[in-house]
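Residue numbers (UniProt numbering): 1 to 88. Quick reminder that beta carbons are idealized off the backbone N, C-alpha and C, glycines included. Predicted model, so just to flag it, every value in this text is computed and none were measured. The block underneath contains the structure these notes are about, expressed in structure tokens.
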Amino acid sequence: MASKKPILEKMKSNPKGWKINDIEKVCNQEGLIIKPPSRGSHYKVLSNLLQGSITVPFKRPIKPVYIKEFVSFAEAHIEVREAREKEG
1 MASKKPILEK MKSNPKGWKI NDIEKVCNQE GLIIKPPSRG SHYKVLSNLL
51 QGSITVPFKR PIKPVYIKEF VSFAEAHIEV REAREKEG
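As structure tokens, this is what we get:
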């Protein structure tokens with residue numbers, strides 16, 4: 001049986017048509033922190049392994065530029081996490 005392609009890989013290959021629920025799923029799978037807006041319409045995505053954060057608008061569908069930025073941030077988080085796991 002073929003395994004499903006991870007959501008993050010799908011986002012990377014096609015950054016169009018994604019919703020905030022998809023961003024939340026990836027954050028939960030990969031250990032990223034997503035904070036809903038206290039005011040306004042932008043969610044904040046943070047990592048306890050990286051400095052800084054990114055913002056993602058709630059507006060649907062999310063523009064590809066935001067998805068590309070999120071994918072880069074998530075991949076950097078995963079890379080650091082895996083490097084730390086190898087160290088022990």
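- Taking a C-beta distance under 9 Å as the contact criterion, Lys25 and Ser41 do not qualify as a contact pair.
- Taking a cut-off of 8 Å on C-beta distances, the stretch 45-52 touches the stretch 68-88, as three or more cross pairs fall below it.
- Between the C-alpha atoms of Glu9 and Glu87 there is a straight-line separation of about 26 Å.
- Distance from the CA atom of Lys63 to the CA atom of Gln29, rounded to whole angstroms, is 22 Å.
- One Cα belongs to Gln51, the other to Pro37, and the distance between them is close to 20 Å.
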